[in-house]
Each structure stands twice: as C-alpha cells, then as structure tokens.
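If you're matching positions, the sequence shown starts at 76 in my numbering and goes up one per residue.
Glycine is no exception: its CB is placed at the ideal position from the N, C-alpha and C atoms.
Please read these numbers as outputs of a predicted model, since none were measured by experiment.
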Amino acid sequence: MLGGVDPNVPPRIPFQWVAEVWIDPDWYADQQAEEPLPSAGLPVVVPLRIASALIGRASASRNIVPDIDCSADPGVSRRHAQLTTDGSRWFVEDLQSSNGTFVGPASGPLPDDPIAVGPKTEVGDNRIYVGAWTRIVVRRATDEEIAIG
76 MLGGVDPNVP PRIPFQWVAE VWIDPDWYAD QQAEEPLPSA GLPVVVPLRI
126 ASALIGRASA SRNIVPDIDC SADPGVSRRH AQLTTDGSRW FVEDLQSSNG
176 TFVGPASGPL PDDPIAVGPK TEVGDNRIYV GAWTRIVVRR ATDEEIAIG
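What follows is the structure, encoded as structure tokens:
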C-alpha cells in the first residue's frame, strides 16, 4: 500500500450509476445455448460505486468475486469483461472471455460481432451482452435508488 491506498482496489466514486443485469430471451435464442433459459422477470440492479467493475462468475477456488456477478449464466467467463468510467462515461473491455462481449443498441438488431479484446468500447446508451442470456444496461441511478443507497 502506498500512503494507505491499495493500488489493487479501484477508487470509489459517488453513487450515481447502476448496472441492470437482465435475462434476455432474444439474446438466448440468438446464442442457441443448450442450457435451459431461466425465467426472465425483473433485473438485478447493481450499484456502481467503484470506477472499475469486473463482470464475471464467482469462483471461491480462484478467489474471483465479480462486482457484477453473472454466475447463473454458464456462458459467462470467470473474468469476462471490465466496466470502467471516467466519471461521466462508461466503457467495457473484453478480458479474453471464452464467448466474447457484445455491445449493441437499445433498439434494433442484436449485435453479431464481439468487441475486440483489449481496447475499451464506450457503452453510452448501448447494451452489453455476455454469455448465453445476460444483458447489462448501465444507466444513471434514480433518486430513489440513490436515497436507498
């Protein structure tokens, strides 16, 4: 630690953003996954309180605890992708995942091609697709979500 700050821990940011983790039946149909699709329902809302958040599946043996846990989706890699912010915009980076990370518009066709491994892709109003059925939407938190904290 330098000056009491662990360089391996991403800096905290003011709570202004959330990631909605959805089960997306259209993405599932497009992926032609063999696993049964869980029932869709409401998204899991994950507060984004750090400047860099890991998307992946948990693994106790590998000491992997993702910030956005997609453990229910077997098509998601343990360390699948990284979300980062500059304070006003969010970016996603594929971490050499097995099945790729896809970014596509909120309306219109699903993305066909994964983003390249390495460079960061701005998320904007787009959706992030990973695994067999997971869609992630990064958006500003509502006043109610901020109040609940």
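What is the DSSP secondary structure of residue i, reduced to helix, strand or coil?
i: Trp208; result: coil
i: Pro100; result: helix
i: Gln107; result: coil
Among the candidates the options, whose CA atom is the shortest distance from the CA of residue i?
i: Ala135; options: Arg154, Gly150 and Val121; result: Arg154
i: Glu219; options: Trp92, Pro86, Pro85 and Pro118; result: Trp92
i: Val119; options: Asp101, Ile125, Ile211 and Gln107; result: Ile211
i: Arg202; options: Val84, Phe90 and Trp97; result: Trp97
In this structure, what does DSSP give as the bridge partners for residue i?
i: Ile203; result: Val178 and Ile211
i: Val119; result: Val96
Keeping to the same chain, check which residues put their C-beta closer than 6 Å to that of residue i; ignore five residues upstream and five downstream.
i: Pro86; result: Ala126
i: Gly175; result: Pro189
If I measure Cβ to Cβ from residue i and keep anything under 8 Å in the same chain, skipping five residues before and after, which residues do I get?
i: Glu197; result: Arg164, Trp165 and Phe166
Quick one: is the Cβ of residue i within less than 6 Å of any heavy atom of the ligand MG?
i: Val198; result: Because no ligand of any kind appears in the structure shown, any question about the ligand MG cannot be addressed here.
(request) Counting only runs of 3+ residues fully inside the region 122–197, write out the beta strand (DSSP E) ranges in chain order. (result) 127–131, 156–160, 165–169 and 176–179
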